[in-house]
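Last residue of the sequence shown: number 788 in our numbering, and the count goes up by one each step with no gaps. Every residue gets a Cβ at the ideal spot worked out from N, C-alpha and C, and that includes glycine. Data first, discussion second: the structure below is written as C-alpha cells.
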Amino acid sequence: MLFNSFEFALFLPIVFLLYWFVFNKNLKWQNIFILVASYLFYGWWDWRFLFLIAFTTGCSWYSGILIKKYLSKNNDKKARLISGLNIGLNIAMLLYFKYCNFFVESFTETFLFLGQPFNLESLEIILPVGISFYTFQALSYTIDVYRKKVEATHDAVSFFAFVSFFPQLVAGPIERASNLLPQFFQKRHFDHLVAVDGMRQMLWGMFKKVVVADNCATVVNQVFNNYQYYDGSTLFVGIILFAIQIYCDFSGYSDIAIGTARLFGFNLMKNFNFPYFSRDIAEFWRRWHISLTTWFRDYIYIPLGGSRCSKGKIIRNTFIIFLLSGFWHGANLTFIAWGAYHALLFLPLILMNKNRKYIDTVASGHLFPSIKEFGQMAFTFFLVVFGWIFFRADTITDAWKYIVKIFSPSLFTIPELIKVPICCFIFVLFAVEWLQRNKEHGFDFKGIQKGWIRWTIYLITILAILLFMGNNEQFIYFQF
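Pasting the structure below:
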C-alpha cells in the first residue's frame, strides 16, 4: 500500500479512528490492532510476503528470550551462539531474496571471462518489499539484547508490532529496539498538538514526493533512458534533478512515516536533516539516511575499531562500511561503485582529522550563509551529484559514458527539457528547508502564532499537490 494512494487515504483514517476510539481502553488490544493493521498494510502488495516477515520476527523474538536466559546463567558461549545463528539466518534470507541472482550472474561471468563458458540460469525470485529495512531492525534487536543494551521481551505481540509497525515498515527509518519497542509497553494518550504537527510533517513530505520528486522523475527517466542522444548540458541537468528527486522521494517518505507514527502516539527517529546544506561530505553523511548510517556505525564500524585505531585501520573501516552501504542498496556493481566513490571522498577528511569539523547548523542565526559557506555547500552538493550518476545508471559502462559526455564541449550548450514549473517547485523546496533548517522538518511552524498564516500555507500546499502532482511514481527505496 503506497502512502500516495487512494487505498492509504482510506486506510489511515479508519485505522486512526478505531485505534483511538475503539481500542484505546486496553493497551494490549491496541497493540494487537496495530499489528493487524500493519500486516494488512504490508500484505496489500503480496500476502505471501507476510510469511517471511513473520518468520524473521518470530526467530528474532525467540532468540532474544534464549539469549537473555543464557546470559542470566553466565553462559556467554551459548548466548553468543544463539545470537550468531539468528544473525546468520536473517542475513542468509536477505542474501537469498535480494542477491542470489547477482551472485549467479557474477559466477557465470567470471567463468566466461576465464574462457570457460558455464551456463547457470537465474532464479525467478520475487524481492519482498522492505526486506532490507525490517531485517536490519530485527538484527539490531538481537545484537542489543546480547550486548545487554535492551531487555529481551516475552511480549510477542509488542515485538511483532515493533518490527512490522506500518508507518516505517517498508522504507524506514530503521528503528532501534531501544527507542521504539518500549513505546509499545507504555499507555499512549492522544495529544492534539503532536498529532497536528505530525499532519504538518506528512503534508510537507507529500509535497516533496508527489510535486517535486515525481515531476523531476519524468525528466530524469527520459534523460537516463536516452542519455546517448542528449548534450552534456542536458545530462548535467538530468543528474541534478535526480539528486533532488531521490532526496525528495526518500525524505518525503520519512516525513510521512514519522508524521503518521505521531498520529498514533509514537516517536520515530529523524532520518534526514537537510543534507544538501552540508559543508563537507562527512556532514552530508551525518544528515543523510541517518537511521542506516548510524546502524552501520554502531554495528560494524565501531566493532571494527571505529576511529580509535591507526589511520590505516580507520581508512579500512571507512571503506568497509561504505562498500557495505552500497551493497545494501542493491545487487549491482553500480551501487558498489557509488559506495567506493563516497569512501574516497572521505579519505582527505580522515587524513587531516577534519571529518568532525561541521557538527552545527550552517549559518545558524543568520538569514544567509557567508560566501565561504555557500561555496562549501555548492562544492559538496556537486560532489554528491556526481556520485548519484553511478547510483542511477543501469551499469558501470552507462555511468562512465554519461560522465564522459557531460565533460564534453556540449556541456556549454543550452540544455533541453528544462521546465519552468519544476524550477519553481525546487526553489520553494530549498527556500522552505533553508528557513527551517534549525527545525525538525520543513513545516515545523511552532514559532508562527497567527493561524491564518499557517492555514494559508496549508491550503496553498494542498492546492499545489492537487494541481501539480506527478505520475504517482513508486517510492524509489521500495526496491531496496
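Report the residue from the options whose alpha carbon sits nearest the alpha carbon of residue i.
i	options	result
residue 677	657, 743 and 722	743
residue 371	522, 517, 459 and 598	459
residue 691	369, 585 and 471	585
residue 714	367, 341, 683 and 540	540
residue 464	706, 343 and 665	343
residue 352	603, 508 and 310	310
residue 708	645, 685, 664 and 732	645
residue 397	434, 702, 386 and 443	443
residue 403	636, 766, 661 and 698	636
residue 319	506, 782 and 475	475
residue 660	619, 643 and 764	619
residue 751	757, 759, 758 and 765	765
residue 738	581, 651, 643 and 774	581
residue 325	515, 457 and 498	498
residue 441	587, 526, 361 and 355	361
residue 728	741, 665 and 776	776
residue 363	378, 401 and 333	401
residue 665	466, 543 and 657	657
residue 574	493, 701, 610 and 716	493
residue 675	718, 741 and 778	741
residue 316	333, 341 and 345	345
residue 501	341, 462, 562 and 570	570
residue 716	651, 538, 679 and 378	538
Report yes if the CB atom of residue i is closer than 7 Å to the CB atom of residue j, and no otherwise.
i	j	result
residue 592	residue 688	yes
residue 753	residue 745	no
residue 558	residue 350	no
residue 545	residue 723	yes
residue 653	residue 589	yes
residue 622	residue 615	yes
residue 478	residue 438	yes
residue 556	residue 503	no
residue 519	residue 550	no
residue 509	residue 749	yes
residue 337	residue 331	yes
residue 583	residue 603	no
residue 693	residue 548	yes
residue 567	residue 506	yes
residue 368	residue 449	yes
residue 469	residue 339	yes
residue 451	residue 599	no
residue 790	residue 704	This structure gives no information on residue 790, because the portion of the chain shown stretches from 309 to 788.
residue 511	residue 721	no
residue 335	residue 495	yes
residue 634	residue 627	no
residue 700	residue 515	no
Identify whether residue i lies in helix, strand or coil by the three-state DSSP scheme.
i	result
residue 459	coil
residue 534	coil
residue 420	Confidence in residue 420 is poor, its pLDDT being 49 and thus under 50, which makes the residue's placement unreliable; the coordinate value appears in the next sentence. Reduced to three states, the DSSP call for residue 420 is helix.
residue 591	helix
residue 728	helix
residue 565	helix
residue 346	helix
residue 660	coil
residue 617	coil
residue 369	helix
residue 355	coil
residue 672	coil
residue 436	coil
residue 685	helix
residue 309	coil
residue 605	helix
residue 266	No information on residue 266 is available, as it lies outside the stretch 309 to 788 that the chain covers here.
residue 610	coil
residue 539	coil
residue 500	helix
residue 813	No information on residue 813 is available, as it lies outside the stretch 309 to 788 that the chain covers here.
Since residue i and residue j are thought to touch, with beta carbons under 8 Å apart, how far apart are those beta carbons, to the nearest angstrom?
i	j	result
residue 517	residue 480	So it is not a contact: roughly 15 Å between Cβ atoms.
residue 453	residue 564	That pair is no contact at about 30 Å.
residue 491	residue 524	The pair is not a contact, with the Cβ atoms about 35 Å apart (cut-off 8 Å).
residue 572	residue 327	6 Å
residue 647	residue 630	4 Å
residue 605	residue 685	Contact flag wrong, Cβ pair sits at about 24 Å.
Using beta carbons (cut-off 7 Å, strictly below), is residue i in contact with chain D?
i	result
residue 392	Although the question refers to chain D, the structure presented lacks it and comprises just one protein chain.
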